[in-house]
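Residue 4 in our numbering sits at position 17 of the sequence shown; the count goes up by one each step and never skips.
Positions of the beta carbon are idealized from the N, C-alpha and C atoms, including for glycine.
One structure is given here, and the rest of the page talks about it.
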Amino acid sequence: MDKLLLTIPEACHVLGIGRSHLYALLGKQLPVVRIGRSVRVHTDDVRRFAQEQRLGPPRAGKGRD
């Protein structure tokens, strides 16, 4: 069975961000799952967040030639 919940260090690793950046996102852009005193992030929420951060294809513009 795949993991459903990630620890803070695991979520940081998956997203490629630091701990303080992740804590800034928790509760605002990433929902938190609390199990007792432990904080976890659901893998579906991590995937959704990463997908929302994707930029569209580069736009053709006036290049500097």
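{"Asked": "Expected contact under 8 Å - CB spacing of V28 and L(-9) to nearest Å", "Found": "Not confirmed; about 10 Å, so no contact."}
{"Asked": "CA-to-CA distance, E39 to R6, given in whole angstroms", "Found": "20 Å"}
{"Asked": "Pair within 8 Å by beta-carbon distance, I(-5) and L12", "Found": "no"}
{"Asked": "Of the residues T30, L42, R35, the one placed nearest D(-11), counting alpha carbons only", "Found": "T30"}
{"Asked": "From R41, R35, R46, G43, residue whose alpha carbon lies closest to that of Q16", "Found": "R35"}
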